[in-house]
Structures are given as C-alpha cells and as structure tokens.
Amino acid sequence: MALLQISEPGKTQAPHEKKFFIGIDLGTTNSLVAVIQNGSPTVLTDKGNKELFPSVVQYKEDGTVIICNESNQEDLITFRSIKRFIGKNTKDFQKNKPYLPCKFIPDENIIKFEVFDKVLTPIEISSEILKYLKNFTEEKLNGEIIGCVITVPAYFDDAQRQATKDAANLSGLKVLRLLNEPTAAALAYGLEAKKVSKVLVYDLGGGTFDVSVLDLNDGVFKVLATGGNSSLGGDDFDNLIVKYIVEKFDLNVDNELRNKLYLYAKEIKYHLSDNNEFTIDLNKFGFKEKKFIITREEFNRIIESLVQDTLQICRKVLSDSKLSFQDLDEIILVGGSTRVPFVKESVEIFFNKQTLSNINPDNVVAIGASIQASILAGDLDEDLLLLDVIPLSLGIETMGEIVEIIIPRNSTIPVSSSKEYTTFKDGQTSMSIHVVQGERDIVSDCRSLAKFVVKDIPPMLAGSARVKLEFQIDADGILNVSATETTTGKTTSIEVKPSYGLSDSQIEKMLKASFENAEEDITNRLLRESIVEAERVILSINSALKIDGKELLDSREFDEICKARDNLEQKIEQREKDLIISAIKNLEKVSEIYISRRMNSNIQKIMKGTDIEEFK
Ligand code: ADP
Ligand code: MG
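For what it's worth, the working numbering labels the leading residue of the sequence shown as 5, then goes sequentially.
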C-alpha cells in the first residue's frame with residue numbers, strides 16, 4: 005500500500021506485531037485468562053468487567069454455538085462441567101452416570117454426545133471454550149497469542165492431559181505446557197523462590213474439591229499426594245440453601261421455581277461472604293409474607309458438614325503424602341468457594357495455621373499459569389527452570405494382569421528407563437505389549453494407554469528370549485515405547501498417544517470442519533485484521549506528519565489529512581469492518597499528494613548528498 009511505502013521505519017512497534025503468551029485456567033465451573041503485562045500478571049476482564057467465564061457451551065438446533073453464557077434456555081443443549089468428561093471413556097461412567105444434557109453414544113474409547121444432528125466429543129466441546137477465550141484475548145489485547153499454558157488438576161492422567169491438549173490444538177492455541185493447578189497456585193505465590201517447601205493446596209470450586217500436597221525442591225514441583233471429591237463444591241452450598249428455604253416454608257416446588265431459588269441461593273451465599281445477614285424475601289416468587297433473616301452463623305451451620313468432609317479429605321491426603329501437620333510450610337486457598345469466610349476459618353483452625361489467601365482465590369491458578377507461560381517464553385526475568393514431572397506411573401501389563409512400573413510417578417521429564425522381558429511359552433514368537441498408567445497393581449484399575457505387538461522373536465525355550473523395553477518421555481511429555489529383541493537386534497517402536505485422545509488425522513478433520521463452520525470466527529478475524537491495518541496506517545501517517553507534514557503541506561491539506569485520520573480512528577471505535585476499510589482507503593486517497601511530495605523531497609535530499617538513512 006502506497007502509504008506504507010513512505011512510512012517512517014522508526015522503532016514504533018506496529019500493533020499487529022504484539023504477541024502474547026497467556027495462562028488459561030480451564031475450570032470445571034469457570035475459566036479465566038491471565039497475561040503478564042508490564043512485568044506483572046493481570047487477569048483479563050470482559051466488557052462487563054467480569055474475570056470469570058462460565059465454562060458453559062450451548063448448542064442450538066441450527067448449529068449455532070453459544071459459549072460462556074450462564075442463562076438457561078429450553079431449546080438449547082447445554083453442557084456445563086464438560087471438564088468432567090474430558091479424556092474419559094464410556095466405561096469410566098458405568099458406575100456413576102452423571103447428568104447428561106443429551107444422548108450418549110457408546111464407544112469404547114471416547115465419550116460421544118449426540119447433539120442434534122452432530123456427534124461431538126468432550127474435546128470438541130471444550131475446544132469451543134478455548135476458542136472463545138482465544139478470540140476474546142486476541143481482541144482485547146489486540147495482538148496474537150503465540151502460546152499458552154493451560155492448567156489441569158494434578159490427578160489428571162495422560163489421557164485427560166492429551167485430550168486437553170487436543171482441545172487446545174483444535175481451538176488454534178499452541179500449548180507450551182500443561183501445568184498442574186496446585187503448582188500454578190504455588191507459582192502465583194512465588195513459592196518457587198523458597199528452596200524447599202511443603203505446600204498443601206486446598207481448592208474448593210463450584211462442583212469439585214481438590215487437595216494436593218506439593219514438595220517444592222529446587223525448581224521441581226513434586227506432587228506428593230492428591231485427593232478430593234469430584235462432586236463436592238460451592239454448588240452444593242447453593243443446593244443446601246434451597247433445601248433450607250423449601251423446608252422452612254414447607255414449599256411445594258416445581259422445576260422452574262427450584263431453578264429460580266437456586267440462583268437466589270447463590271445471591272444469598274455471595275452476600276453472606278461479605279455481610280453478616282441477608283433478608284430472604286419470597287415475595288418476588290409470588291409468596292406473600294414469607295420473609296426472614298438468615299445470618300452468616302445459620303449459613304455456616306447449613307454447610308458445616310460439607311466443610312468437615314473437606315477437612316477429613318485433607319487429613320487423608322496429608323497422611324498419603326507421609327507428612328504431618330507440622331511439616332507443612334504453607335497452605336494455599338484456591339477456588340471461588342474458599343471466599344466463604346467459614347471455609348477459610350475452618351481450614352485455619354483445622355491446621356492451626358494461617359493460610360495464603362491474599363491473592364483472589366478465583367484468580368490464583370490463572371495467574372500462576374501466566375507466570376509459567378512467561379517463563380517458558382523467556383519473557384520473565386527469572387532463572388527458574390520449572391521441571392515437569394509425570395503425574396502417574398507408567399508401566400506395562402505382565403502375566404496375571406499385573407502392572408509392572410517402568411517409570412514411577414513424579415519422575416522429572418525428559419526421562420527414559422528400560423527393562424528386559426522374556427517369553428512365557430516355548431517357541432513363543434511374539435509378545436503383546438500393553439502400556440498402562442496408574443498407581444494400582446491390577447491392570448483393569450489403571451488406564452490403558454496403548455497396545456502393540458513385538459513380532460519375529462526367534463523361537464526359543466520359554467525364558468530364553470530377551471526383549472528390551474525402553475520407555476522414553478520427551479520434554480513435551482510424549483511417551484515413546486520401543487522394544488528390541490536382543491538376539492536379532494530388531495526394534496519395534498510406537499509413539500504412545502493415549503487412545504482416549506484423538507489421532508492427528510482426526511484433529512485435522514475437526515479443524516477443517518471448524519474452519520468451514522466458523523463464519524463468526526472469520527468475521528471476527530477480518531474485523532481484527534482491518535483494525536490492525538488501520539492502526540498501522542494511522543501510525544505511519546502520524547509519524548510522517550510529525551517529520552515533514554508542516555513543511556510539505558499547506559494548512560488546508562494538513563487539516564484534510566488529519567480529518568481523514570480522525571475519521572478512521574472513529575471508525576475503529578465502531579468496530580465495523582467495512583467502515584474501517586473504506587476509511588483507510590479515504591485516508592490513503594487524501595494523502596496521495598503528500599506521499600508524492602515526500603518521495604520527491606526525499607529524492608532531492610539524496611541528490612543533495614544527504615544519506616536517506618538519516619530520515620529513518
Ligand atoms: P472451578 O474451579 O470449579 O471452575 P471456581 O473456582 O471458579 O470453580 O469456583 C466457583 C464456585 O465459587 C461457585 O460455586 C461460586 O458460587 C463460588 N463463589 C465464587 N465467589 C464466591 C463468593 N464471593 N462467596 C461464596 N462463593 C463464591
Ligand atoms: Mg478451579
């Protein structure tokens with residue numbers, strides 16, 4: 005474009021060159037994005053100044069997808085808490101079938117939902133949330149996300165981690181690393197600076213409770229033990245308040261009223277986090293003279309047994325980690341529900357210790373993720389090398405369906421380890437290798453990751469063949485298993501992608517489909533591009549005007565260009581792509597005469613022996 009050719013190549017960074025590394029807390033209930041700005045972590049807010057994006061994905065029959073919107077609508081298929089399903093198979097839910105918003109399609113490997121005329125996996129549904137966060141962030145920061153760190157619960161196995169990565173790939177995000185949520189919390193509090201520290205992270209969210217005990221040792225965060233209850237959280241507090249109101253007034257409630265009361269209960273709970281009482285008035289639901297005051301003490305009594313449950317789980321996890329109460333250096337509170345004062349008080353009384361809770365417990369995980377992203381990107385002045393550990397042991401199935409561990413959990417990666425195996429029967433010429441992950445002894449209690457066969461073993465007596473199995477995990481956490489028959493030297497190897505993740509070709513297919521369908525994405529992208537272009541044009545015209553505008557233009561011409569520039573600025577505000585593009589064209593047109601004069605003037609200056617470099 006003509007205008008660009010005369011622009012001042014000064015040091016100013018064009019807006020499109022802004023690049024970011026972000027941290028994402030992909031929560032069961034809410035998701036957040038944080039980024040390091042001017043050296044400190046910032047949680048991004050939407051237009052309504054909200055930091056929390058509800059992790060809700062809704063599908064309309066016509067294919068429209070509504071993301072991060074709380075409201076309930078009858079004709080939509082609404083997925084809440086999709087994180088509960090990610091990386092799981094149908095078998096995982098045989099005993100405990102969770103609430104499903106639509107039909108479930110049985111499949112051995114991966115859960116599938118029938119969403120109107122489409123079949124969708126939790127990976128695709130989660131990717132909608134990530135895509136939304138990506139677009140929101142790029143628009144908000146007016147730049148491009150180069151990479152991200154996404155947090156996952158410490159207990160997530162490889163299949164769940166791989167599925168989370170797949171969801172990110174599908175959304176167009178490059179994952180620098182997945183980070184354990186409790187580790188992120190420890191990073192947010194800067195605990196890595198302490199050389200050795202034992203930390204308990206108490207995370208009470210909307211529908212889940214997680215406790216982890218970490219051992220921070222010279223930049224390595226080991227998870228000593230984890231535990232929790234995947235169906236205990238702040239939503240249960242809300243349900244108990246509803247129950248309390250219904251019983252108090254002996255109400256007859258249908259579904260609609262129950263939903264309304266549930267939202268009301270949330271309001272009551274939030275209010276009681278900051279105040280000592282709340283006046284419950286059912287007049288607004290059509291009940292006359294049903295009004296009373298609930299105090300914080302009353303609310304504490306209502307939730308007391310649930311809070312007690314969480315403390316008992318803490319006791320168990322602490323004992324699993326072989327630590328005692330006195331060994332703990334820090335206790336970190338994470339999750340929106342730890343804003344309930346009674347929760348914080350109870351934890352502090354139980355451990356007889358002050359908790360770390362000065363960072364907003366909703367934000368702490370996202371903040372830690374953004375710090376990690378910056379460290380990985382080399383942006384943050386910190387010589388911290390945060391090493392990843394594998395969360396669960398990796399091994400193979402041996403005779404009798406017993407697991408033999410090859411790489412124990414908490415090994416720092418990259419890591420490799422090998423073991424030799426032999427044949428079970430005389431003349432056995434093949435061996436089937438079943439790679440599993442987990443801490444249990446029996447294969448069926450662990451997660452199956454992959455199966456492959458080592459063939460062409462020379463027939464020998466049982467116990468004389470030698471097959472060397474080597475497990476290698478690279479820095480990205482991808483496991484490669486190779487088997488070498490030692491007499492022939494023949495090697496069979498396999499890159500183990502957990503079978504509950506998606507193959508590259510499946511992801512490619514989905515990506516294509518999402519491009520084809522994502523009209524809205526494209527519109528957004530085009531708008532962003534037009535804004536970037538507009539800002540670039542404004543930048544170059546401003547810097548040119550500053551140098552020789554007054555010299556080369558008369559005041560009428562000067563004003564005309566400024567007017568066209570102001571008009572373009574105004575159009576950027578309106579966020580209409582077509583208006584922006586025509587305003588760019590207009591600015592270019594009124595600047596034409598200026599451009600040609602600048603060229604002439606530059607040529608003249610060169611002819612006079614002035615080096616053009618001086619104008620840069
Ligand atoms: P998750 O990690 O599961 O996505 P969050 O950490 O975002 O969940 O926590 C969400 C829960 O925190 C909800 O149950 C919400 O009602 C509760 N919560 C958030 N803020 C407050 C508050 N100020 N007082 C009480 N509960 C709160
Ligand atoms: Mg959370």
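In this text, a Cβ means the ideal position worked out from N, Cα and C, and glycines have one as well.
Please classify residue 196: is it buried, with 16 or more other beta-carbons within 10 angstroms of its beta-carbon, or exposed?
-> Locating residue 196 in the sequence shown gives position 192, where the first residue counts as 1. Looking at its Cβ environment, which holds 16 or more other Cβ atoms inside 10 Å, residue 196 is buried.
Supposed contact pair residue 407 and residue 436 - C-beta distance, whole angstroms, cut 8 Å = Mapped onto the sequence shown, residue 436 falls at position 432. Mapped onto the sequence shown, residue 407 falls at position 403. That belief does not hold up - the Cβ atoms of residue 436 and residue 407 are roughly 15 Å apart, past 8 Å.
For residue 65, which three-state DSSP category applies?
-> Along the sequence shown, one-based indexing puts residue 65 at 61. Residue state, collapsed to three classes: coil.
Helix, strand or coil at residue 598 [DSSP, three-state] | For the purposes of this step, residue 598 is taken as residue 594 along the sequence shown, with counting starting at 1. For residue 598, the secondary structure class from DSSP, reduced to helix, strand or coil, is helix.
If you run the structure through DSSP and keep just helix, strand and coil, what is residue 334?
-> Stepping through the sequence shown from its first residue, residue 334 is reached at position 330. Strand, per DSSP.
If you count every other CB in all the chains shown that lies within 10 Å of the CB of residue 353, and 16 or more means buried, which is it?
-> On the sequence shown, residue 353 is found 349 positions in, with the first residue counted as 1. Its Cβ having fewer than 16 others within 10 Å, residue 353 is exposed.
Close-in-space but distant-in-sequence residues of the same chain around residue 185 (CB under 6 Å, 5 per side omitted) = For the purposes of this step, residue 185 is identified with residue 181 of the sequence shown, where counting begins at 1. These residues qualify, in order along the chain: 155, 157, 369.
With residue 283 and residue 295 assumed to form a contact (beta carbons below 8 Å), what rounded beta-carbon distance in angstroms separates them?
-> As a working note, residue 283 is residue 279 in the sequence shown. As a working note, residue 295 is residue 291 in the sequence shown. Yes, residue 283 and residue 295 are in contact; Cβ-Cβ is about 7 Å, under 8 Å.
Residue from 218, 234, 211 whose Cα sits closest to the Cα of residue 243 | Position 239 of the sequence shown, counted from the first residue, corresponds to residue 243. Closest by alpha carbon: 211.
Within the same chain, show all residues whose beta-carbon is closer than 6 Å to that of residue 420, passing over the 5 residues directly before and after it, in chain order.
-> Here residue 420 is taken as the residue at index 416 of the sequence shown, counted from 1. The answer, listed in chain order, is 476.
Locate the alpha helix (DSSP H) running through residue 378, then write down its first and last residues.
-> Within the sequence shown, numbered from 1, the residue matching residue 378 stands at position 374. Segment 368–381, the alpha helix (DSSP H) holding residue 378.
Once you ignore the five residues that flank residue 587 on each side, which residues in its own chain have a CB closer than 6 Å to its CB?
-> In the sequence shown, residue 587 corresponds to position 583, counting from 1. Counting only Cβ-Cβ distances below 6 Å, and skipping sequence neighbours, we find 571, 572, 575.
Can you find at least 3 beta carbon pairs, one from the segment 164–173 and one from the segment 200–214, that sit closer than 8 Å?
-> no
Between which two residues does the beta strand (DSSP E) containing residue 569 stretch?
-> On the sequence shown, residue 569 is found 565 positions in, with the first residue counted as 1. Taken as a continuous stretch (DSSP letters only), residue 569 belongs to no beta strand (DSSP E), being part of the alpha helix (DSSP H) at 559–578.
beta-carbon residue 274 near ligand 1 non-hydrogen atom, thresh 7 Å = Residue 274 sits at position 270 when you count from the first residue of the sequence shown. Within the cutoff, so yes.
Any chance the segment 417–434 sits against the segment 444–452, with 3 or more Cβ pairs inside 8 Å?
-> no
Check whether the segment 235–254 touches the segment 349–364, counting contact only when three or more Cβ pairs, one atom from each stretch, lie closer than 8 Å.
-> no
Pairwise C-alpha distance: residue 396 and residue 416 | Numbered from 1 along the sequence shown, position 412 holds the residue referred to as residue 416. Numbered from 1 along the sequence shown, position 392 holds the residue referred to as residue 396. The alpha-carbon atoms of residue 416 and residue 396 are separated by roughly 12 Å.
Going by Cα to Cα distance, which pick from 471, 133, 560 is closest to residue 74?
-> Working through the sequence shown from its first residue, we reach residue 74 at position 70. Nearest of 471, 133, 560 to residue 74, Cα basis: 133.
Return the chain-ordered ranges of every alpha helix (DSSP H) run that is complete within the segment 119–160 and spans a minimum of 4 residues.
-> Those alpha helix (DSSP H) runs which fall completely within the segment 119–160 and span 4+ residues are 126–145.
Kindly give me the distance between the Cβ atoms of residue 236 and residue 310, rounded to whole angstroms, as I take these residues to be in contact under 8 Å.
-> Position 232 of the sequence shown, counted from the start, is the residue given in the question as residue 236. Position 306 of the sequence shown, counted from the start, is the residue given in the question as residue 310. That pair is a contact at about 6 Å.
With distances taken between CB atoms, is the gap from residue 33 to residue 39 smaller than 8 Å?
-> Here residue 33 corresponds to residue number 29 of the sequence shown, with the count starting at 1. Here residue 39 corresponds to residue number 35 of the sequence shown, with the count starting at 1. Result no, Cβ atoms of residue 33 and residue 39 do not sit closer than 8 Å.
Can you tell me the Cβ-Cβ gap for residue 298 and residue 272, rounded? I've got them flagged as a contact below 8 Å.
-> Here residue 298 corresponds to residue number 294 of the sequence shown, with the count starting at 1. Here residue 272 corresponds to residue number 268 of the sequence shown, with the count starting at 1. Contact flag correct, Cβ pair sits at about 7 Å.
Buried or exposed: which applies to residue 377, given that a residue is buried once 16 or more other Cβ atoms fall within 10 Å of its Cβ?
-> Walking along the sequence shown from the start, residue 377 turns up at place 373. With 16 or more neighbouring CB atoms inside 10 Å of its own CB, residue 377 falls in the buried class.
Out of curiosity, what's the CA-to-CA distance linking residue 300 and residue 150?
-> For this step, residue 300 is matched to residue 296 along the sequence shown. For this step, residue 150 is matched to residue 146 along the sequence shown. Using only the alpha carbons, I get a separation of about 46 Å.
Whose beta carbon lies closer than 5 Å to any heavy atom of ligand 2, going through the chain in order?
-> 31, 209
Cβ-heavy atom distance, residue 606 to ligand 1, below 7 Å | By one-based count along the sequence shown, residue 606 stands at place 602. No, ligand 1 has no heavy atom inside 7 Å of this Cβ.
Coarse secondary structure for residue 387, derived from DSSP in three states = Along the sequence shown, read from residue 1 onward, the residue named residue 387 stands at position 383. Confidence at residue 387 is low in this model, with a pLDDT of 49, below 50, so its placement is unreliable and no value can be given for it.
Span separating the alpha-carbon of residue 562 from that of residue 554 | Looking up residue 562 in the sequence shown gives position 558. Looking up residue 554 in the sequence shown gives position 550. Their backbone Cα atoms lie some 7 Å apart in a straight line.
Have a look at the DSSP bridge pairing and note the partners of residue 435.
-> Your numbering for residue 435 matches position 431 in the sequence shown. Note: residue 435 sits in a beta bridge opposite 458.
Evaluate the contact criterion for the segment 225–236 versus the segment 246–265: three or more CB pairs, one atom per stretch, below 8 Å.
-> no
Nearest-angstrom Cα separation, counted from residue 76 out to residue 347 = To locate residue 347, count along the sequence shown from 1; it is residue 343. To locate residue 76, count along the sequence shown from 1; it is residue 72. Their backbone Cα atoms lie some 29 Å apart in a straight line.
Write down the C-beta distance between residue 93 and residue 115 rounded to the nearest angstrom, noting that I regard them as a contact closer than 8 Å.
-> Your numbering for residue 93 matches position 89 in the sequence shown. Your numbering for residue 115 matches position 111 in the sequence shown. Between residue 115 and residue 93 the Cβ distance is about 6 Å, and since that is below 8 Å, they are a contact.
Between the beta-carbon of residue 338 and the beta-carbon of residue 206, is there less than 8 Å?
-> Residue 338 sits at position 334 when you count from the first residue of the sequence shown. Residue 206 sits at position 202 when you count from the first residue of the sequence shown. It is a contact, given that the beta carbons lie within the stated cut-off.
Enumerated in chain order, which unbroken segments of the beta strand (DSSP E) with a length of 3 residues or greater are wholly contained in the segment 179–237?
-> 179–184, 200–208, 213–221, 224–233
Residues of its chain near residue 564, where Cβ-Cβ distance is below 8 Å and the 5 sequence neighbours each way are ignored | Within the sequence shown, numbered from 1, the residue matching residue 564 stands at position 560. Taken in chain order, the residues that qualify are 594.
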